[in-house]
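Trainee: I have a structure I would like to understand better, so I am pasting it below and will then ask my questions one at a time.
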Amino acid sequence: MRVLLATTCVPDDRKTLAAVRALAGVAAVTVGSDRFLGEAYYSRFGDGRVRYPHPAKGVAAFVETLASQLRRLPHDVLLPMGDYACVAISQRAATLEALTRLVTPAYEALEISRDKEETGKLARRLGLQTPETHCPKDEAELRALAAQIRYPCVVKLRRGAGAVGMSIAQNAPDLLRRFAAPRPSEDLVFGHGSLLVQEHVQGEVHDVCVLFRHGEPRAALTQRRLRMHPNSGGVGTLVETTQQEWLLEQAVALLRALRWHGPAQVEFMVDRQAKRACLLEINGRFWGTLGLSIAAGINFPLLACRMALEGDVEPCFRYQSGLRYRWPWPFGILDTLGRGHRWPSFREFFGPSRGTQSDLWFSDPLPHLAEIAFAAGRLYKRKSLRSAQRATSWEAV
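Here's what the structure looks like:
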């Protein structure tokens, strides 16, 4: 079996690295990206790599190049890993299905999952709880909203992924400033032009990680985020598997209504004292903490490949509960540095812990060295940009 993992060059692309390692020995794995800098490119378990234009620069060029690569070297399965690749491949699934096998949701379902307002409407129709959400259409609505909502509140992109564009407003002037601040242009994944205002729900982030076949679950696992970066709500840096059947039932109801096909992660904010779970969002792709799922006993990438080739797989819901997994670089370190008591926090995160695994493999060190080089390059570019901006300001004086 030959598998192509389609991603783009992003910081800490740990899910693609986890998939490469998970498929080692059962598949020849090729990693595709727009730049030869990603972690997974340098794993000793990969068998090849291909390059294509970034989907944000044009879906047509991305798909044409990817199709050309598949004609040149056929692959049995194409698994989209990152957000940009998922959206582009779902858009042009008909073109790519003539060349390989896919496990991807219908584009209409993917679009609903990426729109937090539409996802919330669907969830409420199904009886799921969601944070109180507002999408002001103009400045008058925003000012009226700012005068009546509770603070702090959360500002999010209506259409996006992860913590990009998310911030917390402490009061009405702060909320108005955040809406008035300059924003990047919209692209294939991030809709910076449309913001939501959400209730700030306190609690613990729990995830339901699944593989679906045309609206029916084939594999599932629940987990909770013990540490995140940023701590207000971001990527998990220390995560533990759980057995939360009630959350699984809610996620299944939501994805069944979408007739979901493929992998997904459904995020909830759980308030244990109030026994309340609020749906936060759906990530319609493989998740960043995929390494934990695999270590706990469910090889989601392999199941997805088999489902693509054979049409279906035996349901898999058994896994090790209570297993912890940590991702030290780079966000684990950033999380530790951002806490008040750095040494105790560092010791707590990095100290020996029975039953805790990590994505740092001594048998596969190059991906992490590549990530360090990538991070250093990003820091250098930022420093150079700031120096240029300071020089420009002095010239203006």
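Under the numbering used here, the first residue of the sequence shown carries the number 1, and numbering increases by one thereafter. The beta carbon of each residue, even a glycine, is placed where N, CA and C say it ideally should be.
#1: Can you look up residue 197 in the DSSP assignment and give me helix, strand or coil?
#2: Using a 10 Å radius around the Cβ and a threshold of 16 neighbouring Cβ atoms, would you call residue 372 buried or exposed?
#3: Below 8 Å between beta carbons: does that hold for residue 304 and residue 325?
#4: Compute the Euclidean distance between the alpha carbons of residue 189 and residue 79, then round it to the nearest angstrom.
#5: Residue range of the beta strand (DSSP E) that residue 114 falls in?
#6: Since residue 53 contacts residue 61 with CB under 8 Å, what's their CB separation in whole angstroms?
#7: Look at the alpha carbon of residue 8 and the alpha carbon of residue 193, and state the distance between them as a whole number of angstroms.
#8: Which of the three DSSP states, helix, strand or coil, is assigned to residue 63?
#9: What are the start and end residues of the beta strand (DSSP E) that includes residue 8?
#10: Taking DSSP's pairing of strands, which residues face residue 229 in a bridge?
#11: Note down, one range per segment and in chain order, each beta strand (DSSP E) of at least 3 residues found wholly within the region 115–198.
#12: Using only alpha-carbon positions, find the residue among 128, 126, 171, 65 that is nearest to residue 145.
#13: Hey, could you find the ends of the beta strand (DSSP E) residue 41 is sitting in?
#14: With DSSP as the reference, identify every bridge partner of residue 262, one or two as the case may be.
#15: Could you please give me the residues that DSSP links to residue 48 through a beta bridge?
#16: Among the candidates 24, 160, 316, whose CA atom is the shortest distance from the CA of residue 2?
#17: Considering only C-alpha positions, which residue in the set 105, 204, 289, 176 is nearest to residue 273?
#18: Please report the straight-line C-alpha distance between residue 270 and residue 309, rounded to a whole angstrom.
#19: Within the same chain, show all residues whose beta-carbon is closer than 6 Å to that of residue 262, passing over the 5 residues directly before and after it, in chain order.
Mentor: If we stick to the structure as given:
#1: DSSP, read as helix, strand or coil, puts residue 197 in strand.
#2: By the neighbour-count rule (16 or more Cβ atoms within 10 Å), residue 372 is not buried but exposed.
#3: No, the Cβ-Cβ distance between residue 304 and residue 325 is not below 8 Å.
#4: Taking C-alpha positions only, residue 189 is separated from residue 79 by approximately 18 Å.
#5: DSSP places residue 114 in no beta strand (DSSP E) but in the uninterrupted alpha helix (DSSP H) bounded by 107–114.
#6: 5 Å between Cβ atoms; contact.
#7: So the two alpha carbons sit approximately 23 Å from each other.
#8: Under the three-state reduction of DSSP output, residue 63 falls in the helix class.
#9: Per DSSP, residue 8 belongs to no beta strand (DSSP E) and is neither H nor E.
#10: Per DSSP, 235.
#11: Within the region 115–198, complete beta strand (DSSP E) segments of at least 3 residues are found at 153–157, 167–169, given in chain order.
#12: Of the candidates 128, 126, 171, 65, the one whose C-alpha sits nearest the C-alpha of residue 145 is 171.
#13: First-last for residue 41: undefined, no H or E at that position.
#14: According to DSSP, residue 262 shares a beta bridge with 212.
#15: Here residue 48 is bridged, per DSSP, to 30.
#16: Looking only at 24, 160, 316, the smallest Cα-Cα distance to residue 2 is reached by 24.
#17: It is 204.
#18: CA-to-CA, the gap between residue 270 and residue 309 works out to about 37 Å.
#19: The answer, listed in chain order, is 103, 104, 105.
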